[in-house]
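Visitor: Per numbering that gives the first Met the number 0, residue 0 is the first one in the sequence shown, and the count goes up by one each step.
For each residue, glycine too, the CB sits at the ideal point set by N, CA and C.
Here it is, the structure in full.
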Amino acid sequence: MKKDKRIFGKILMILTILFFYLPIVFMVIFSFNESKSLTHFTGFSFTWYEKLFQNRGMMESLYVTITVAVIATVVSTLVGTISAIGLSKSSKIVRKIMMQLNDFPIMNPEIVTAIGLMLLFITFHLERGFMTMLLAHITFCIPYVILSVMPKIRSLDPNLADAAMDLGATPWQALTKVLVPQIMPGIISGALIAFTMSFDDFIISYFVTGGGVKNLSIMVYTMSKRVNPTINAISTLVVVLITIVLVIINVVPLIKSRREKKMKKLLTSLLAVATMMTLTACGGGSSNEDKPYAGQELHLYNWGEYMGDNFISGFEDLTGAKVVVDYFDSNEAMYIKVANGESFDVLVPSDYMIERLIQEDLIQKLDQDKLDCMDELVDAVKGLPYDAKNEYSIPYFWGTVGIVYDKTKVSEADLEKEGYNIFLDTKYKGDIYLYDSERDSFMMALKALGYSMNTKNDKELKEAYDWLVKCVETMEPEIVTDEIIDNMAQGRKALGLIYSGDATYVMAENENMGFYMPETGTNLWSDAMVIPKNAKNVELAHEFINYACTYDAAMDNSSFVGYTSANQEVVDELASGDFEGINAYVPRTGNDNDEVFEYDEVTRKIISDYFSKVKIAASNAQ
C-alpha cells in the first residue's frame, strides 16, 4: 500500500513538472521555427532571433525593463529594509497598523493599484513615461521587501543592537555590521521578489507609462495581437538568462572556497560582457546631425504589429528624427486617450472613428501643399465617405471582411448558395469561428438578412441580434479574435469570419484555405493616417505621411503584415508576386452592396448592448 502511494506520488510529481515545463520547451522549440506559425514546425531557423536583434523597439523595451527592474529593486530594497528595521523598534500598536497597511497593496488587485497610480499622476500633472513607471514599480515593490525582511528581524534578539553599542560600536556600525548581516537572507529574498515583480509587471506598467516608453511585457502584449514568433525568441532568451543566473547562484557556493579569486574575476568578466552586449543592442546608431529633422521627435499612435521591420528605422534614417511609437488595440482605446488631450503627431484610426474624430473636432485638416503622395494611392481607397475629399486623412491599409474556409471541408457551392447564412448551417456545427467584434458580427448578420450594415432601424437591428443568438445557441461557435489567424492556417475549423489581410496570411500558409465574400455585401474598411488638433510637430507629421505612402515603406509594411497597401505599385507587385493567386490580398471593388462603416453613437450603443447579450447567450449555450 505504501509502495503504491510512493509510486502515485512520483507520477503526480512528474506530471506536475511536465505541466509547468512542457509549455516552456514548446516555446523554445518554436523560437527556431522557419515559418511564422506558432503551432506547426516547418524547419529549423535563426530567423526570429535575427529579427529580434534588428527590432529597435524590442531592444529598447528590453533596456527599459532591465533598467527599471534594477533601479526599482535597489531603491525598494533599501527603503523596505530601513522601514522594516524602523517598524521593529516601534510600539506594538504602530507596528500592527503599519503591517496591515503594508499588506493592503499586496492583496489589492493590480488593476485597482494601476488605475489609482494613473489618476495620481494625472492629478499632479506628471507627464507619464519612464519616471512614472519607475515610481510605480518602486511603490508596489516596497511592501514585498518589508514582508520578506520582517520575519528575519523578529527572529533576532531585540537587544542585539544595544549589545553591539555597549561593546563600542557606533549606531551605524551596529546597523551595518550586526543587524544587516543577520537579516541578509530576508533582504536578498525581498530583492529577488522585487526584481521579479518589476521585470514581470504588465498591468500597472500599461496604465502609468506614456511617451512611447514600453517595458518588455507591454511590447509582448502588442506583438501577441498577431502572429509573431519573435515573442518566442525573446522569451527563450529570458529563460536562458534566468537559467544561467540560477546555475551561477547554485554553483558558486560549491566552489567558492577553492576558487574564490578566479570566480570573482569570471563573474566580473561576465558582468562586463553582459553590460557591453546590452549597451550595444540597445544603444548605438549613426549620427543624424546632418539630417533635415535631426533632434526632433514624432509621436506615432498605431495598431500593434501594424508596421514592417524597417518601417520606423527607415524614416529615422531618412529624416534624423526619432519616432516614439505607442500602440492601441482598439479604436475606442485610442479615442479615449485622444479625447482626454494626450498629444500625438500621427494617428492611424479606422474609417468610422475618423468620422467621429472629425465630428468632434479632434483632428486637423491636412496641408495639401505639404503632401505629394496622393498620386501613388489606389483610386478605390481615395475619397471614401468618411472623408470624401481626403482633407483629413491619407489611407494606410485597406481591405474587406469575408469568410475564410477549408476547401477540403466546405464547398464554394455552399458558400454561393448560403452566403453568411452558412454560419447557421448545422452541417458545420461546432466547426466555425466567430470574430469577437460587435461591428463585424452585426455586419455579417445584417448582410445575411439583406439589410445595410449602417441601418438605424430598430427592427432590423433586433433581427440581426436574433440571428446572432440563433448562431451561438445552435452552432457552438468558438468566439475568437486574432487566434483565428494561426488556427485557420492549421485548418482547425471549417470556416470563420476574418479580415482580408489575415486571410492573406492564412492562404499563404495553407493552400487548402480559401476566402469568400458573399454577394450580399461586406465591410470595405480603411485605416488611415490623421494629425490630431494638438499635434506638437505638424510639419514632421506631414513628412511621415508622405514617407508611409512611398513604395519602399509601403512594401515593407504590406509584405510583412499581409494587409493591402494603399500604394498602387505595391498592390500590383505583391498581387503578382508574393501573394499571387491569393484573392484575399486585393479587396473586391465594384459591388454595390459593399459599404463603409458610418459612425452613429446611438446605433453603436444599441449594437454594443446587443452584442453583450449575444456573448452571454454563447456562454450559456456551452
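(1) By the three-class DSSP mapping on this structure, what secondary structure does V537 have?
(2) So V345 packs on F543, CB below 8 Å; how close in whole Å?
(3) Could you spell out the range, first to last residue, of the beta strand (DSSP E) harbouring G513?
(4) So, with DSSP's three-state summary, where would you put I431?
(5) Is it the case that the CB of P142 approaches a heavy atom of the ligand SAM more closely than 6 Å?
(6) For M528, report the span of its beta strand (DSSP E) as first-last.
(7) Can you tell me which of L467, N453, I393 puts its alpha carbon nearest to the alpha carbon of N420?
(8) Buried or exposed for T112, going by 16 or more other Cβ atoms inside 10 Å?
(9) Around the Cβ of V69, are there at least 16 other Cβ atoms within 10 angstroms (buried) or fewer (exposed)?
(10) Could you tell me whether the Cβ atoms of I402 and L494 are closer together than 7 Å?
(11) For Y334, which residues from the same chain have a beta carbon less than 8 Å from its beta carbon, with the 5 sequence-adjacent residues on both sides left out?
(12) Give the DSSP bridge partners of E635, in chain order.
(13) Across the region 605-621 and the region 466-482, are there enough close Cβ pairs to call them in contact, namely three or more that are closer than 8 Å?
(14) For the candidate residues F396, Y427, T399, whose alpha-carbon lies nearest to that of K408?
(15) Thinking C-beta only, is T195 closer than 7 Å to S30?
(16) Expressed to the nearest angstrom, what Euclidean distance is found between the alpha-carbon atoms of N32 and K151?
(17) Got a sec? Which residues, its chain only, sit under 8 Å from S342 by beta carbon, not counting five neighbours each side?
(18) Skipping 5 residues on each side, what residues in its chain have a beta carbon closer than 6 Å to that of I105?
(19) Please classify K91: is it buried, with 16 or more other beta-carbons within 10 angstroms of its beta-carbon, or exposed?
(20) Taking a contact to mean a Cβ-Cβ separation below 7 Å, would you say Y404 touches G513 in this structure?
(21) Can you tell me which of the three DSSP states L346 falls into?
(22) What distance in whole Å lies between the Cβ atoms of T425 and T521, which are believed to be in contact at a cut-off of 8 Å?
(23) Should S410 go down as buried or exposed, given a rule of 16 or more other Cβ atoms within 10 Å for buried?
(24) Does the separation of the CB atoms of E568 and Y550 fall below 7 Å?
(25) So for G283, helix, strand or coil by DSSP?
(26) State the start and end residues of the unbroken beta strand (DSSP E) segment that holds L496.
(27) For L51, which residues of its own chain have a beta-carbon under 7 Å away from its beta-carbon, when the five flanking residues on both sides are left out?
(28) Please report how far the alpha carbon of Y292 lies from the alpha carbon of I393, in whole angstroms.
(29) Cutting at 7 Å between CB atoms, please list the residues of its own chain near V377, excluding the five before and the five after it.
(30) Run the CB neighbour count on V67, radius 10 Å, all protein chains shown included, and call it buried at 16 or more, exposed below.
(31) Measuring CB atoms only, is the region 119-132 touching the region 151-169, in the sense that at least three cross pairs come out at less than 8 Å?
(32) Does the beta-carbon of R127 have 16 or more other beta-carbons within 10 angstroms, so that it is buried, or is it exposed?
(33) In the DSSP assignment, find the unbroken alpha helix (DSSP H) run with V337 in it and report its ends.
(34) Tell whether a beta-carbon distance below 7 Å holds between T519 and G418.
(35) Three-state secondary structure (DSSP) at S90?
(36) DSSP three-state call for D405: helix, strand or coil?
Guide: Taking the geometry as given:
(1) helix
(2) 6 Å
(3) 512-515
(4) strand
(5) This structure simply doesn't include the ligand SAM, nor any ligand for that matter.
(6) 524-528
(7) L467
(8) buried
(9) exposed
(10) yes
(11) P348, M352, R355, L356
(12) Residue 635 lies beyond the residue range present for the chain, which begins at 0 and ends at 621; the question has no answer from this structure.
(13) yes
(14) Y427
(15) no
(16) 48 Å
(17) H298, P531, N533, A534, K535
(18) P142
(19) exposed
(20) yes
(21) strand
(22) The Cβ separation is near 24 Å, so there is no contact.
(23) exposed
(24) yes
(25) Reliability of the predicted coordinates at G283 is poor, the pLDDT of 47 falling under 50, and the value obtained from them is presented with this limitation in mind. Looking at G283 - three-state DSSP - the assignment turns out to be coil, as it is neither helix nor strand.
(26) 494-498
(27) M57, T229, A232, I233
(28) 22 Å
(29) A565, Q567, V570
(30) buried
(31) no
(32) buried
(33) 330-338
(34) yes
(35) coil
(36) strand
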